[in-house]
Amino acid sequence: MNTYSNDRVIIEGLTVLTTIGVYEWEKTIKQKLILDLEMAWDNKPAGESDNVSLCLDYFLVSQAITQFIESNQFELIESVAENVAKLIIQKFAVQWLKVKVSKPSAIVNANNVAVMIERFAN
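In short: position in the sequence shown from 1, add 18, done, that's the working numbering.
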């Protein structure tokens with residue numbers, strides 16, 4: 019079990035297509051979400067031993083997030099962020115994380131709309 023650490027594993031720009039939105043027209047199309055994650059993970063054991071089994075497997079984290087988002091429908095990016103945080107804490111024993119979910123197509127005259135949450139494991 020990983021304990022809380024000041025070390026971080028970061029995934030930036032994870033792009034996923036999903037059905038998201040509150041408007042009826044949004045529920046009939048796939049839209050792009052972009053996720054950035056910052057996760058507490060003690061990288062020292064892996065760094066000192068060069069042993070991959072001691073790392074947080076960011077490929078598996080990315081794969082789990084992508085599969086989860088693609089296989090569900092959401093109305094709110096807030097809901098995506100909460101559910102992704104729960105998934106990562108439960109599946110990968112991460113003790114703390116930040117999740118940013120961006121929906122670049124949300125507002126016509128804005129480059130991006132996003133929410134960012136920070137969660138701790140209980």
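The C-beta atom is built at its ideal place from N, Cα and C for all residues, glycine as well.
Cβ neighbours of LYS48 in the same chain (closer than 8 angstroms, five flanking residues each side left out): Residue 48 sits at position 30 when you count from the first residue of the sequence shown. For LYS48, where only same-chain residues beyond five positions count, the Cβ hits under 8 angstroms are LEU35, THR36 and THR37.
Strand pairing of LEU53, partner residues [DSSP]: Mapped onto the sequence shown, residue 53 falls at position 35. LEU32 and VAL119, per the DSSP bridge assignment.
GLU136 - containing beta strand (DSSP E), residue span: As a working note, residue 136 is residue 118 in the sequence shown. 132-138 is the span of the beta strand (DSSP E), which, as asked, contains GLU136.
Member of ILE95, GLU66 and GLU100 whose CA lies at the smallest distance from the CA of ARG137: Here residue 137 is taken as the residue at index 119 of the sequence shown, counted from 1. Considering only alpha carbons, the answer is GLU100.
SER120 to TYR76 span [Cα, whole Å]: In the sequence shown, residue 120 corresponds to position 102, counting from 1. In the sequence shown, residue 76 corresponds to position 58, counting from 1. About 19 angstroms.
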